[in-house]
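Here the protein sequences come in this chain order: E and R. Residue numbers for the first sequence follow our numbering, so the first one is 1 and each next one is one higher. Residue numbers for the second sequence follow our numbering, so the first one is 1 and each next one is one higher. Shown next, in structure tokens, is the structure this report addresses.
Number of protein chains: 2
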Amino acid sequence: MIKTPYLLFLGDAPDQLAAKVAQGIKDWRPENAVGQFRMEGCKADLGLTDMSLQEAKAAGAKTLVIGVANRGGMISQAWKKVLVMALEEGFDLASGLHNLLRDEPDLVAVAEATGQELHDVRIPEVDYPIANGKKRSGKRCLAVGTDCSVGKMYTALAMDKEMRARGMKSTFRATGQTGILITGDGVPLDAVIADFMAGSVEYISPDNDDDHWDLIEGQGSLFHVSYSGVTMALIHGGQPDALILSHEPTREHMRGLPEYQQPTLEELRDMALMLARVANPACQVVGVSVNTQHMSEEDAAAYLAKVEADMGIPATDPFRFGAGKLVDALAAV
Amino acid sequence: MIKTPYLLFLGDAPDQLAAKVAQGIKDWRPENAVGQFRMEGCKADLGLTDMSLQEAKAAGAKTLVIGVANRGGMISQAWKKVLVMALEEGFDLASGLHNLLRDEPDLVAVAEATGQELHDVRIPEVDYPIANGKKRSGKRCLAVGTDCSVGKMYTALAMDKEMRARGMKSTFRATGQTGILITGDGVPLDAVIADFMAGSVEYISPDNDDDHWDLIEGQGSLFHVSYSGVTMALIHGGQPDALILSHEPTREHMRGLPEYQQPTLEELRDMALMLARVANPACQVVGVSVNTQHMSEEDAAAYLAKVEADMGIPATDPFRFGAGKLVDALAAV
């Protein structure tokens, strides 16, 4: 668990896109974002107050989060100076970079000397159990995709936000590095040892109030041969009561697999439901979340209307049109 | 890759069952088993020649395989003396114990000094790639089970043996520790990092002759919520042309999951086929392998006849009645 709130380190980000992790934190957990720290030449700006380490400390920040990606995932010497100073000032550090904080001897030495923590969110920090399959109290929703990177995390975060706004009991459960940095907790599922995948999902979504929903972040796709095992573990470890189908209609082939085509929403529905009912016979498919970013508003509306007619369940683009329809569907379960 | 042939170390095995890994090597790869090494008090006997380290060395043995399980997976001091002597005599060591050879400082030091290798087959020895899903040449068969531990490895090994006897081109591809020790190669799939599971299956089953069959060792079950992700990776990484359904009809519930029931063979067939066709649209279910060890011969025969009538494909118990029917079915693909 990463201590919140954060000071968001944007470093020398070459453009706004490079700071998308920091942007995600600011968008989805503004209460976690005390301010931003920018170095000379930084081209990103989250619109947060620029703070020195001392100012952020005084404002309550506990962890400096590296919210920026640079070429090759490197931790540059220019950054190091700030990171070492942050440890000395009493911050923990958190990073989702490929290169690990723990592999930098200077950071490790200073962290040990100062008693601060280094969090590499690409690496599990827990010894997860093997899944026991026992029915847990509370309710769970999982987004499953026709492909990878179609908006499953966004869908869950948008639904979580809408549910909180309505006063419903809801928790977003992160299963990937961006989600973990946004919320400060979760499992980096793609880095878990095979035998413990489903157990790690059970671990992050424990017993809860009967009217509480866990919105579990989806990963991969049952139809993406590289990562389908991870998706399977989410479906059986998560034992969802409700599935949301996630889709991006303009893809020409499966992400990274030119020889593979996306399934239809009907194929996804039937396969996901059959598998989900192994762990939870009451599971239902309650809605469709479509990523319409590459469609005109008119085309998007027409596409969503057709999906609703074909599938008989609500369909929306939660980014474009809000997550209300999907939350209505959950509330009706 | 573990150097063959082996001297099989039975240690102070308390009974025959404790030596079941060694028994598997002797049964399935007798050419890998030069002899057995037994310590005082050993209650197991494979019927192989008892050899000293020097005798086995002279007979060509390259690796001392710890083919025995003892309580807690410990590597006892009594064993250590033999293991150190084996390294000094020029043997590599291989083990599937929970406790790792590499965690024993004395063994590590002697292995380094002598230039010998320590193989812990529970731990991957390769940095596997992410699966690319590209169609590979050659044919592949995978056994999928209604549950874990229903005889999938045995089925593949029995089919491999029968195919070799018929002069067909066949390779058993191990995906678990016992299979790896039997053949000297393979992937300990349950210990692979989630993102690389399917890639590791692609890696161990590369392009091959058009008339060559890989018999890929199955793991887990699509219906076993603890391990279904591993099974999924085998189905998509293995891109099988043929599936064998494996079943044990007398189980009262899923192994280790008292709240879960086994699926029917029809349910397994439909789900496995739907998933397998994502990676290989030509995949077929060609036969059923039933573990009838808890049934009388009469009951077994009646059960198999009923399965054949219901499913319309050959069904047998390869241990009891031979793997011929299943190999006939493969040959017809």
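Each residue gets a CB set at the ideal place from its N, CA and C atoms; glycine is no exception.
Buried or exposed: where does P206 of chain R fall if 16 or more other Cβ atoms within 10 Å of its Cβ makes it buried?
-> Counting the other Cβ atoms within 10 Å of the Cβ of P206 of chain R gives fewer than 16, which makes it exposed.
Can you check whether the CB of L330 of chain R is closer than 9 Å to the CB of M163 of chain R?
-> Contact: yes.
Is the Cβ-Cβ distance between G176 of chain R and Q116 of chain R less than 9 Å?
-> Not closer than 9 Å, so no.
Just checking my contact of C336 of chain R with D241 of chain R at CB under 8 Å: how many whole Å lie between their CB atoms?
-> Here chain R comprises residues numbered 1 to 333, so residue 336 of chain R is not present and cannot be evaluated.
Does the distance from the C-beta atom of Q239 of chain R to that of A279 of chain R stay below 9 Å?
-> Cβ distance < 9 Å, so Q239 of chain R and A279 of chain R count as in contact.
Give the secondary structure of S289 of chain R by DSSP, where H, G and I count as helix, E and B as strand, and everything else as coil.
-> The answer is strand: DSSP assigns S289 of chain R an E or B state.
Would the beta-carbon of L273 of chain E fall within 9 Å of that of L243 of chain E?
-> Yes, the Cβ-Cβ distance between L273 of chain E and L243 of chain E is below 9 Å.
Taking only beta carbons into account, state which residues of the segment 188-215 of chain R come closer than 8 Å to chain E, listed in chain order.
-> Listed in sequence order: L189, D190, A191, V192, I193, A194, D195, M197, A198, G199.
To which residues of the same chain is R136 of chain E closer than 6 Å at the C-beta, ignoring the five residues directly before and after it?
-> Counting only Cβ-Cβ distances below 6 Å, and skipping sequence neighbours, we find D207.
State yes or no: is the beta carbon of G218 of chain E nearer than 9 Å to at least one beta carbon in chain R?
-> Not closer than 9 Å to any Cβ of chain R, the Cβ of G218 of chain E fails to qualify, so no.
At what residue ranges does the segment 97-170 of chain E contain a whole run of the alpha helix (DSSP H), taking only runs of 4 or more?
-> Every unbroken stretch of the alpha helix (DSSP H) spanning 4 or more residues and falling wholly within the segment 97-170 of chain E is given here in chain order: 105-114, 152-165.
Please list the residues of the segment 115-130 of chain E that have a C-beta atom closer than 9 Å to any C-beta atom in chain R, keeping them in chain order.
-> Listed by position, the residues of the segment 115-130 of chain E near chain R (Cβ gap below 9 Å) are I130.
Which of the residues in the segment 132-143 of chain R, read from start to end, lie with their CB under 9 Å from any CB of chain E?
-> Here the close residues are N132, G133, K134, K135.
Do M51 of chain E and V68 of chain E have their C-beta atoms within less than 9 Å of each other?
-> No. Outside cutoff.
Can you give me, in chain order, the residues of the segment 7-18 of chain E that have a beta carbon less than 8 Å from any beta carbon in chain R?
-> Taking 8 Å as the Cβ-Cβ cut-off, the segment 7-18 of chain E has no residue approaching chain R.
Residues of the segment 33-59 of chain R with a CB closer than 8 Å to any CB of chain E: list them in chain order, please.
-> Here the close residues number zero.
Are any of the Cβ atoms in chain R nearer than 9 Å to that of S246 of chain E?
-> It does not; no Cβ of chain R falls within 9 Å.
Nearest CA to the CA of G287 of chain R: which residue from R:E297, R:T316, R:Q293?
-> It is R:T316.
Would you decide whether P188 of chain R is buried or exposed? Buried here means 16 or more other CB atoms lie within 10 Å of its CB.
-> The residue in question, P188 of chain R, is buried, as its Cβ has 16 or more Cβ neighbours within 10 Å.
What residue from E:A191, E:M271, E:A44 has the CA that sits closest to A276 of chain R's CA?
-> Comparing alpha carbon positions, the residue from E:A191, E:M271, E:A44 closest to A276 of chain R is E:M271.
For L17 of chain E, does the three-state DSSP call read helix, strand or coil?
-> L17 of chain E: helix per DSSP, three-state reduction.
Using a Cβ-Cβ cut-off of less than 9 Å, list which residues of the segment 269-286 of chain R approach chain E; keep chain order.
-> Along the segment 269-286 of chain R, going in chain order, the ones with a CB nearer than 9 Å to a CB of chain E are D270, M271, M274, L275, V278, A279.
Any heavy atom of the ligand GDP closer than 8 Å to the CB of G238 of chain E?
-> As for the ligand GDP, it is missing from this structure, which has no ligand bound.
Using CA coordinates, which residue listed in R:H119, R:G145, R:H224, R:K80 is at the minimum distance from A94 of chain R?
-> Nearest option by C-alpha distance: R:H119.
So which residues on chain R does G257 of chain E lean against when the C-beta distance must stay under 8 Å?
-> Residue identity differs from the one stated: residue 257 of chain E is Leu in this sequence, not Gly. Simply N132, G133.
Classify H253 of chain R as buried or exposed, calling it buried when 16 or more other Cβ atoms lie within 10 Å of its own Cβ.
-> By the neighbour-count criterion, in which a residue is buried when 16 or more other Cβ atoms sit within 10 angstroms of its Cβ, H253 of chain R is exposed.
Rounded Cβ spacing between V394 of chain E and S246 of chain E (contact assumed at less than 8 Å) = In the structure as shown, chain E begins at 1 and stops at 333. Residue 394 of chain E is therefore absent and cannot be evaluated.
Are V285 of chain E and P249 of chain E close, meaning C-beta to C-beta below 9 Å?
-> Contact: no.
Could you tell me whether any Cβ in chain R is nearer than 9 Å to the Cβ of G96 of chain E?
-> It does not: the Cβ of G96 of chain E has no partner Cβ on chain R nearer than 9 Å.
Neighbour flag for T146 of chain E against chain R, beta carbons, 9 Å | No - not a single Cβ of chain R is within 9 Å of the one on T146 of chain E.
Residues that A94 of chain E bridges to, as DSSP identifies them = A94 of chain E is bridged to E:V65, E:H119.
Closer than 9 Å, Cβ to any Cβ of chain E: which residues of the segment 228-243 of chain R, in chain order?
-> Shown in chain order are the members of the segment 228-243 of chain R whose Cβ falls below 9 Å from a Cβ of chain E: S228, G229, V230, T231, M232, A233, L234, I235, H236, G237, Q239.
I204 of chain E by DSSP, collapsed to three states: which one?
-> It is helical.
Provide the residue(s) that pair with L215 of chain E in DSSP beta bridges, ordered along the chain.
-> Answer is E:C141, E:F172, bridged to L215 of chain E.
H247 of chain E: first and last residue of the uninterrupted alpha helix (DSSP H) it sits in = Run containing H247 of chain E: none in the alpha helix (DSSP H); it sits in the beta strand (DSSP E), 242-247.
How about F91 of chain R and K134 of chain R: do their beta carbons lie closer than 9 Å?
-> In this structure, F91 of chain R sits away from K134 of chain R, with a CB-CB distance that is not shorter than 9 Å.
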